[in-house]
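The listed protein sequences correspond, in order, to chains G and F.
For the first sequence, the tail end lands on 211 under the numbering used here, and the numbers increase by one without skipping.
For the second sequence, the tail end lands on 422 under the numbering used here, and the numbers increase by one without skipping.
Each residue gets a CB set at the ideal place from its N, CA and C atoms; glycine is no exception.
First up is the structure itself, then whatever we jot down about it.
Protein chains: 2
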Amino acid sequence: MASNVGKMARSIPEETRTRLFLYLRELRCLQKKGICTIPSQRLAEACHVKSSTVRKDLSYFGEFGVRGVGYEVDGLTNELRSILNLDQIVKVALVGVGNLGKALLGFPGLEDEGFKIVAAFDADERKIGQKIDRVTVEDASRMEERIEAQDIRVAIMAVPASEAPAVAQRLAEANVNAILSFAPCELNIPPDIKISCVDLASEMARLVCCV
Amino acid sequence: MASNVGKMARSIPEETRTRLFLYLRELRCLQKKGICTIPSQRLAEACHVKSSTVRKDLSYFGEFGVRGVGYEVDGLTNELRSILNLDQIVKVALVGVGNLGKALLGFPGLEDEGFKIVAAFDADERKIGQKIDRVTVEDASRMEERIEAQDIRVAIMAVPASEAPAVAQRLAEANVNAILSFAPCELNIPPDIKISCVDLASEMARLVCCV
DNA sequence: ATAGGCTTGTGATTGTGATGTCAAGCACTA
DNA sequence: TAGTGCTTGACATCACAATCACAAGCCTAT
Ligand SMILES: NC(=O)c1ccc[n+]([C@@H]2O[C@H](COP(=O)([O-])OP(=O)(O)OC[C@H]3O[C@@H](n4cnc5c(N)ncnc54)[C@H](O)[C@@H]3O)[C@@H](O)[C@H]2O)c1
Ligand SMILES: NC(=O)c1ccc[n+]([C@@H]2O[C@H](COP(=O)([O-])OP(=O)(O)OC[C@H]3O[C@@H](n4cnc5c(N)ncnc54)[C@H](O)[C@@H]3O)[C@@H](O)[C@H]2O)c1
């Protein structure tokens, strides 16, 4: 009954989308604690937002709550997972198996959310052929064909910034449509490919700056 | 002459602050290429924003450009570094020297931006005493006193999510005033402490979600 | 069955940031 | 020195997101 019907046409604020993941994370936390029902007020407090914001965000997609009671944790979790396209396993390619890349390969948190690194590439001969956490590092020179063969559409880049733009270009040519990059630089690629750049140094800088 | 005088009272948009780091990163890139002067238009293109946005962002802090010419790369770089409090070395503590923590310790990108990891803590006895990239891992049980003794005000947390809230609490008690966490969970600590949470799984989720 | 007490969902309002526009101002040229 | 062309800086406007406030609706107790 209550579901994302007829409202999808409306444009969803960018910020709302961001918060949905926050809510989902908190809901999972509540599930672990065995809490079945939660009012917008408490979900809001946990996520450091206002309760009206929570309700409005959810209202873009349907009516998931029960007046006088709140939201059913399991139910809302499922709705959000469905809204956010998180109810399927997504194959991911990792490019660059250095310090950071290795850590990412061994990180279970990605798989918990439905992301599975199914291929890893590096340009360093010494790394090619190494098996790290069930994934064998492949030769980066054959990256495009391997990605296309396995129909991988999402990539994580952990290569040096100097290499990043070129690698991103190659990923674009391999029909990848989303890239998460850790290189602190701009990537000039077609706008139909979604990019997210995690820039640790900038994040730190933002944190300490008092402007 | 042109400087941040009399305008500081006005509140700076959060988004502006974020973009300043983007501009700074691009400027550094231009410096490397030996480019001395750049108009807002081209800086904007490189950062994927509108030229009027660049000018407006900068205008919050002063008049740094020359009409008909553009901005002097070196000059603007210095102004931004000064505005963002990036002209000093910031001591940082790392808590949790696991897969990710080790990668961070070996990451030169932080030091390039003025952040120096001067202490690392772990609860695992096997890790205590290990020397990784010039830093010796210390016992986490003595974290508070060591952080206060060295007057460290910024911390990076790379501990399991289950431990993160408690560790954050302890960092708060050690008078740290900014924390960068990689744990995918909320940290309930006093609001006067700045928190930034890098949640890789959520970032990935946002990237693939087509809502 | 009905009343009372909560909490949701949403239209209205406020607040904030993005963007368009153009006069002002500098460099360069003759 | 005056004219030309370009770019900045600021103001005005537009667009969007946060927040308020309250009617609607569900549950429980009596
Ligand atoms: N180490 C960290 O903690 C950390 C943190 C934040 C951001 N980063 C960023 O992540 C990136 C990687 O960091 P790192 O510390 O793992 O560096 P690293 O040097 O340890 O690893 C980079 C890897 O990329 C490989 N590589 C280079 N060119 C390649 C190409 N064209 N194709 C495929 N692979 C290629 C190298 O062989 C190497 O194995 C850098 O851009 C860095 O700025 C690192
Ligand atoms: N590995 C990755 O690539 C990656 C990526 C994104 C986020 N994360 C997140 O970063 C965090 C760390 O990840 P990891 O892969 O390095 O995990 P890990 O298990 O390899 O390392 C965690 C380290 O923290 C230490 N530790 C545990 N409790 C502690 C305490 N109370 N005080 C001090 N140290 C303590 C452990 O001894 C261990 O060395 C996790 O929250 C994870 O979700 C990891």
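- Set against 6 Å, the gap from the CB of G/A161 to the closest heavy atom of ligand 1 is smaller.
- Here the alpha carbon of F/L315 sits roughly 23 Å from the alpha carbon of F/A360.
- Rounded to the nearest angstrom, the gap between the Cα atoms of F/L418 and G/A155 is 10 Å.
- A check of alpha carbon separations from G/I147 across G/A93, G/R19, G/N99, G/G34 identifies G/A93 as the nearest.
- A residue is called buried when at least 16 other Cβ atoms come within 10 angstroms of its Cβ; F/G279 does not meet this threshold and is exposed.
- Rounded to whole angstroms, the Cβ separation of F/C258 and G/E186 is 7 Å, and the two are in contact under 8 Å.
- Among the residues facing chain F, G/K33 is not included, as its CB has no counterpart in that chain under 7 Å away.
- Between the region 16-29 of chain G and the region 62-82 of chain G there are three or more inter-stretch CB-CB distances shorter than 8 Å, so the stretches are counted as touching.
- Less than 7 Å divides the Cβ of G/A172 from the Cβ of G/I193.
- Of the other Cβ atoms in all chains shown, 16 or more fall within 10 Å of the Cβ of G/V90; this residue is therefore buried.
- Where F/I328 is concerned, the enclosing beta strand (DSSP E) starts and stops at 326-333.
- Shown here, G/G68 sits in coil according to DSSP, grouped into three states, outside any helix or strand.
- Look at F/F232: its C-beta is under 7 Å from a C-beta on chain G.
- Scanning its chain for C-beta atoms nearer than 6 Å, with the 5 sequence neighbours on each side dropped, one finds around G/Q130 the residues V137, in chain order.
- In the structure shown, the three-state DSSP call for G/D139 is strand.
- Note on geometry: alpha-carbon atoms of F/K243 and F/S262 lie some 22 Å from one another.
- Against chain G, the beta carbon of F/I294 has neighbours under 7 Å at V211, listed in chain order.
- Secondary structure of G/V208 (DSSP, three-state): helix.
- In this structure, ligand 2 has a non-hydrogen atom nearer than 6 Å to the beta-carbon of F/D333.
- Within chain F, no residue has its beta carbon less than 9 Å from that of G/F121; the closest one is some 18 Å off.
- Contact check for F/F332 against F/M368 fails: the beta carbons are separated by 7 Å or more.
- Contacts with chain F at 7 Å (Cβ-Cβ) include G/E186.
- In the DSSP annotation of this structure, the continuous segment of the beta strand (DSSP E) that includes F/A389 starts and ends at 389-392.
- Each of G/V97, G/I12, G/I128 was checked against the Cα of G/G62, and the nearest Cα belongs to G/I12.
- Spatial neighbours of F/R266 in its own chain (CB-CB distance under 7 Å, excluding positions within 5 residues in sequence) are listed in chain order as S251.
- Distance from the C-beta of G/V176 to the nearest heavy atom of ligand 2 is not below 6 Å.
- In this chain, the beta strand (DSSP E) harbouring F/A366 covers 365-368.
- Distance check between F/F326 and each of F/E336, F/N296, F/E290 places F/N296 closest, using alpha-carbon atoms only.
- Annotation for F/A255: K261, S262, T264, V265 place their beta carbon closer than 7 Å to its own, counting only its chain and skipping 5 residues before and after.
- For F/A257, the enclosing alpha helix (DSSP H) begins and ends at 251-258.
- Closer than 7 Å to the CB of F/N386 there is not a single CB belonging to chain G.
- Around the Cβ of G/D151, a 10 Å sphere holds fewer than 16 other Cβ atoms; the residue is exposed.
- Rounded to whole angstroms, the gap between the alpha carbons of G/V66 and G/G106 is 41 Å.
- Residue burial annotation: F/I246 is exposed, with fewer than 16 other C-beta atoms found within 10 angstroms of its C-beta.
- Considering only beta carbons, the part of the region 146-178 of chain G lying closer than 7 Å to chain F consists of V154, A178, in chain order.
- Residues of the region 87-103 of chain G with a Cβ closer than 9 Å to any Cβ of chain F, in chain order: V90, V92, G98, N99, L100, G101, K102, A103.
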